[in-house]
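Below: the structure, in structure tokens.
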Amino acid sequence: MGSVGVVQPGQAARIVSDDGPMRLLILGGTWYLGRAIGELALDAGWQVTTFNRGVSAPDLAGVEVVRGDRERPEDLRRLAEHGPWDAVVDTIGYIPRQVLDAATALSAVAGHYVFLSSVNVYTGWPNEPLDDDSALFACPPDADATFGADLGYAGQYGALKAGCERAVVTALGADRSTVLRPGIILGPREYVGRLTWWLGRAVRGGQLLVPGPATRAIQPIDVRDVAQFALHCATAQIAGAYNVTAPLGHGTFADLIGGCIAETKADTEPVWVDPDWLIDHGVEQWTELPLWRTHPGVWAVDSSRAFAAGLRCRLLRDTIAETWTWMTSGGAAITGKGEAARAADHGLPPTGKPSCWRPGGRPVRPAAARAASREW
1 MGSVGVVQPG QAARIVSDDG PMRLLILGGT WYLGRAIGEL ALDAGWQVTT
51 FNRGVSAPDL AGVEVVRGDR ERPEDLRRLA EHGPWDAVVD TIGYIPRQVL
101 DAATALSAVA GHYVFLSSVN VYTGWPNEPL DDDSALFACP PDADATFGAD
151 LGYAGQYGAL KAGCERAVVT ALGADRSTVL RPGIILGPRE YVGRLTWWLG
201 RAVRGGQLLV PGPATRAIQP IDVRDVAQFA LHCATAQIAG AYNVTAPLGH
251 GTFADLIGGC IAETKADTEP VWVDPDWLID HGVEQWTELP LWRTHPGVWA
301 VDSSRAFAAG LRCRLLRDTI AETWTWMTSG GAAITGKGEA ARAADHGLPP
351 TGKPSCWRPG GRPVRPAAAR AASREW
């Protein structure tokens, strides 16, 4: 397999193996990150195969589709017969035992294996700053879905993802595997309802309740930038584990809100409110006001190792603009039942939270918050 340079935003490296175009297998590949990876690879002239059950979303045009369930050994054996592939990218693995079975079944027909994990694998997230070597949850590579049930939803999710990482390395070896740990991913086709909610709220105009301070740093990353880095790691066979977020200081909450107002061109007035006051009035962090979370480590993830390896990030304002273009051109997120319910949990209702707004839509704020509104 040839070498690869840094993949620039919006394109994949056009690398051809000795026997023809790069061959890529995506486990998943029909919605959001998996779909973005598939689109970039197809644009680069790669031969792309996707493996999924065919129940979540339409298939990408131009890919070879193999139907199957990763829980069924016979389906994995049948999938392997369609190989070999220069690289495999697993965007959906969640149960270590299943990831171990899939990676083992494909180990003889995969040149390199890229697994999409999460910053949730760190025991310290979101409570403390993190780098690639921070402590991980302990979870064996053959754990089943019951592992970590006593850790709560977020803790169990992180533990299982950590077990999945170990499963990939167990099956492929450290030199043939890459683990990517994204933080919050935004961009076109977002299904969780974070950036899309802020844009949808901004376009309605009027006063917009926003958690201060305006200078709060955030570091979400564009889905296409994660996709391009995954392909870069696959083609260059970059092994190891990498945090995949925008750089520290990439943007602020003011950049987010200002970008949403600018793109929607609405008559919207941001009302910056002290976060302690919002908490006292029962506003749910992370959901009712998406992307707002006061934990000190949530936006303090060091991804410098990934940037040294070739990760590149577009500007936050570009992600906002292109997401708005997608929303206003008829774009609709691809979701399953669980994801649709998750999106419904994001954002305050159109009339606001009763404890935070007076009749008539005016925000209730203490005098100190009103006086400090320009700072918040």
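Under the UniProt record's numbering, the sequence shown has 15 at position 15, and the numbering climbs by one with no breaks. Glycine included, C-beta positions come from ideal geometry on N, C-alpha and C.
Skipping 5 residues on each side, what residues in its chain have a beta carbon closer than 6 Å to that of residue i?
i: E269; result: Q207
i: G20; result: none
i: E375; result: The predicted position of E375 is uncertain, since its pLDDT is 30 and thus under 50; no value can be drawn from it.
Helix, strand or coil: how does DSSP classify residue i here?
i: H295; result: coil
i: P270; result: strand
i: G259; result: helix
i: A217; result: strand
i: S134; result: coil
i: A145; result: coil
Give the straight-line distance between the Cα atoms of residue i and residue j, rounded to the nearest whole angstrom.
i: W125; j: L33; result: 22 Å
i: G152; j: L180; result: 23 Å
i: S295; j: E64; result: It should be noted that the sequence gives His, not Ser, for residue 295. About 43 Å.
i: S117; j: G282; result: 32 Å
i: A149; j: R23; result: 38 Å
i: S119; j: E39; result: The residue asked about is misnamed: residue 119 is Val in this sequence, not Ser. Roughly 25 Å between the two C-alpha positions.
i: K337; j: L248; result: Because the pLDDT of K337 is 45, which lies under 50, any placement of that residue in the model is unreliable, and the question is left without a value.
i: G205; j: D267; result: 5 Å
i: A44; j: A227; result: 13 Å
i: I176; j: A239; result: Residue identity check: residue 176 is Arg in the sequence provided, not Ile. The alpha-carbon atoms of R176 and A239 are separated by roughly 6 Å.
i: A306; j: R77; result: 33 Å
i: D222; j: L186; result: 5 Å
i: R224; j: W326; result: 14 Å
i: C260; j: R293; result: 19 Å
i: A36; j: G173; result: 27 Å
i: F147; j: E322; result: 39 Å
i: E284; j: T252; result: 20 Å
Inspect the beta-carbon positions of residue i and residue j and report whether they are closer than 9 Å.
i: G83; j: A110; result: yes
i: V89; j: L25; result: yes
i: G347; j: G200; result: yes
i: I279; j: A202; result: no
i: L195; j: I320; result: yes
i: P220; j: I184; result: yes
i: C313; j: A230; result: no
i: D132; j: A241; result: yes
i: H232; j: A309; result: yes
i: P349; j: V273; result: no
i: L79; j: F51; result: yes
i: P182; j: V244; result: yes
i: A262; j: R317; result: yes
i: S303; j: L311; result: yes
Thinking just about the alpha-carbon of each residue, which of the options is nearest to the one in residue i?
i: S329; options: F229, D222, R189; result: R189
i: V298; options: W46, W324, Y122; result: Y122
i: residue 442; options: E74, D222, G62; result: It is not possible to answer for residue 442, since the shown part of the chain is limited to 1 through 376.
i: H112; options: R35, G38, A236; result: A236
i: V55; options: G29, G62, H250, A61; result: G29
i: A167; options: L130, A145, P96, A108; result: P96
i: A217; options: E71, L289, V301, T325; result: V301
i: V192; options: A262, D175, L316, L289; result: L289
i: P275; options: K265, W286, D267; result: W286
i: L27; options: G20, P21, W85; result: W85
i: A145; options: S134, E128, C164, W46; result: C164
Under 8 Å from any heavy atom of the ligand PLP, does the C-beta of residue i make it?
i: P58; result: Judged by which ligands are present, the structure shown has none, so any question about the ligand PLP falls away.
Only counting the same chain, and skipping five residues up and downstream in sequence, which positions put a Cβ closer than 7 Å to that of residue i?
i: A254; result: A214, T215
i: T264; result: L199, A202, V203, W324
i: E71; result: Q98
i: A171; result: L100, A103, T104, S107
For residue i, which residues in the same chain have their Cβ closer than 8 Å to its Cβ, ignoring the five residues on either side in sequence?
i: L42; result: V48, L60, G62, V63
i: A162; result: S117, V121, L136, F137, A138, C139
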